[in-house]
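If you count the sequence shown from 1, you need to add 15 to reach my numbering.
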Amino acid sequence: MKAICFYFQIHQPFRLKTYRFFDIGNDHYYYDDFANDDIITRIAQRSYLPANEMLLDIIKEHGKKFKVAFSISGTALEQLEQYVPEFIDSMKELAATGCVEFLSETYAHSLAALEDPEEFVAQVKEHDKKIYDLFGQHPKVFRNTELIYDDDIAAMVHSMGFKGAITDGAKHILGWKSPNYVYSAASAPKLKLLLKNSKLSDDITFQFSNFDWSEYPLTADKYINWIAQLPQEEQLVNLFMNYETFGELQPRESGIFEFIKALPRFAEQKDIQFMTPTEVITKLKPVGELSVLHPISWADEARDTSAWLGNTLQQEAVKKLYSVSEKVRLTNDRRIKQDWYYLQASDHFFYMSTKHSNDGSVHSHYSPYDSPYTAFTNYMNVLSDFRTRVKEQFPSGVENEELNSLILTIRNQENEIEQLHREVDMLRNNIVKDTTGDFIPNEEAEKPVEKKVVKAKKATKAKPTKATEKKAAKPVKTEKKVAKPKKAAEKPAEKKPAAKKTVAKKAVKK
């Protein structure tokens, strides 16, 4: 039996307004509210809302036979809550079906995994809290920004308790291997890897309405036949795409909605089932380890991180941004923390790309700027003002050495606390298991485990030993020695021989 795993990404950065040099120090509001409202509302009306309605119709017709997964950034959820609250309501309705799984990712759809591990961990936790608050799910499978992944990221993801992660099935990493298997991470063997099948994903995302494509028109039965004809041992096809594929990239008139609606019927005929990522990593075993020494992504032809860090403009902007990360974490200013998230969105650096050919056309298509240099200038003006505001949060009397010392102390304390959390999680996972034999997620296991530990301590203190029972039976004088076990044990041993000598002397005198 083969399985299809559908993943849909939703991310929309907060669009920056035109911010000139003379605005620095005078205007601390950086966002084009009109553009943000217009873009997210238009996409939601043309794509997100009708696509949600489509998925609900499919689930009502096929029930648990059709399942999908969503990866939605925290900043996108904020915009949708603000401008299109009806979308959040429809997502809650989808979540209630039990056929939709939410993935974990960075809150700001950021590059923190490459630049700042502490920020990366903090954002993942903040994102997952947002998902739970809105949809009642604790994500178990991780998806990093733009599917960016390497061995170092795998180790961090595994340390946070995730059982699986999805990334791109990049050809230069796989070589002769197929993406249609479950793999394990070389740096964290217990972390299972799910790999995007780029060709089958792109056939829907980019080729569906392309009249010049040799396979046009793409029908549901043809597409399912392609999957069914894959080698029998290839059990899994991961289809990862932007959610705006439906209705935006591929217009409704193209028949894209009818295409998706027909997939479950033809899949059932070919004994192909739809699964969530958690079901996949639970039921399928990895066929081998996958080592990724240098970061990969799903962007551009190279499938690396050059889409965001490929030129000096991008590198300088990212370096300047994360140079203040420690100070931002020390401040309690709500506006600064909010701006910090919004300025980390990877799209800001994507717009600064100077690539050409096909890659360059993709970057320019999504960019609101005339050129990458305009994008860089505008962003650096905003960032300059932001950095000034961050520095103003600290008293002028605090010297750099003192501040660095404070930062180092806090970092060390955070590392110690994180190590303790990991040790507790290991103990918890060894003790608490669910009915299927899988470890219960940390959030679900916290309360029961704490109760067990407390009871164990109380039981140890309350249980009397044989030594204390004997001492309790002795006269009042010996009872005082019970409080000091060591001394109580030593003195009786010394008195016994002394008592014998005394008795012996008295016998002689008589």
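Just so it is clear, CB atoms sit at the ideal spot from N, CA and C, and this is done for glycine as well. The structure presented is a predicted model; accordingly, all values stated were derived computationally and were not measured.
- Rounded to the nearest whole angstrom, the C-alpha separation of R61 and Q265 is 11 Å.
- Sixteen is the threshold: since fewer than 16 other Cβ atoms of the shown chains lie within 10 Å of the Cβ of A111, the residue is exposed.
- Note that the stretch 168-177 touches the stretch 185-204; at least 3 beta-carbon pairs, one per stretch, sit closer than 8 Å.
- Secondary structure at L358: helix, using DSSP grouped into helix, strand and coil.
- Inside the stretch 269-331, DSSP marks whole beta strand (DSSP E) runs of 3 or more residues at positions 287-289, from first to last along the chain.
- Under the three-state reduction of DSSP output, Q408 falls in the coil class, being neither helix nor strand.
- Here A127 carries a helix assignment [DSSP, helix/strand/coil].
- A contact is defined here as three or more CB-CB pairs under 8 Å, and the stretch 285-305 meets this definition with respect to the stretch 111-123.
- Within the stretch 17-69, the runs of alpha helix (DSSP H) that reach at least 4 residues and sit entirely inside it are, in chain order, 48-58.
- DSSP, read as helix, strand or coil, puts K192 in coil.
- Non-local C-beta neighbours of D165 in its own chain, meaning closer than 8 Å and more than five positions away in sequence, comprise V307, L308, H309, P310, I311, ordered along the chain.
- For the 9 Å CB-CB criterion, L254 and L126 do not form a contact.
- The DSSP-derived three-state label of Q265 is strand.
- Here V333 is not bridged, per DSSP, to any residue.
- Leaving aside the five residues that flank S382 on each side, the residues in its chain whose CB is nearer than 6 Å to its CB run, in chain order, Y366.
- The alpha-carbon separation between K335 and I25 amounts to approximately 27 Å.
- Here N212 carries a coil assignment [DSSP, helix/strand/coil].
- Apart from sequence neighbours up to five positions away, the residues of its chain that approach D72 with a beta-carbon distance below 8 Å are K276, ordered along the chain.
- Counting C-beta pairs with one atom in each stretch, the stretch 395-407 and the stretch 30-40 have three or more that are closer than 8 Å, which means they touch.
- The C-alpha of M175 lies about 20 Å from the C-alpha of L210.
- Taken in chain order, the whole beta strand (DSSP E) runs of length 3 or more contained in the stretch 94-138 are 115-117.
- V405 places its beta carbon 9 Å or farther from that of V333.
- For V83, the three-state secondary structure derived from DSSP is strand.
- Residue pairing from DSSP places A180 in a beta bridge opposite F157, L208.
- Comparing C-alpha distances from N51 to each of Y258, I242, I19, T90 shows the shortest one belongs to T90.
- Contact between Y98 and I55 is confirmed by a C-beta separation of about 5 Å, below the 8 Å threshold.
- Within the same chain, Cβ atoms closer than 7 Å to the Cβ of T320 are found at L129, I163, P310, S312, the five residues on either side in sequence being excluded.
- Residue environment: I181 is assigned as buried (16 or more neighbouring CB atoms within 10 Å of its CB, all protein chains considered).
- Our two residues, L299 and E431, have alpha carbons roughly 35 Å apart in a direct line.
- D286 has its alpha-carbon roughly 38 Å from the corresponding atom of K140.
- In this structure, Y45 places its C-beta atom within 9 Å of the C-beta atom of L358.
- For L345, the uninterrupted alpha helix (DSSP H) run begins and ends at 340-345, by DSSP.
- The C-beta distance from S340 to D131 rounds to 5 Å, short enough to meet the 8 Å contact threshold.
- For the pair E316 and Q408, the Cα-to-Cα distance works out to about 43 Å.
- In the DSSP assignment, N253 falls within the unbroken beta strand (DSSP E) covering 251-257.
- Following the DSSP letters along the chain, one finds A200 in no alpha helix (DSSP H) but inside the beta strand (DSSP E) bounded by residues 197-200.
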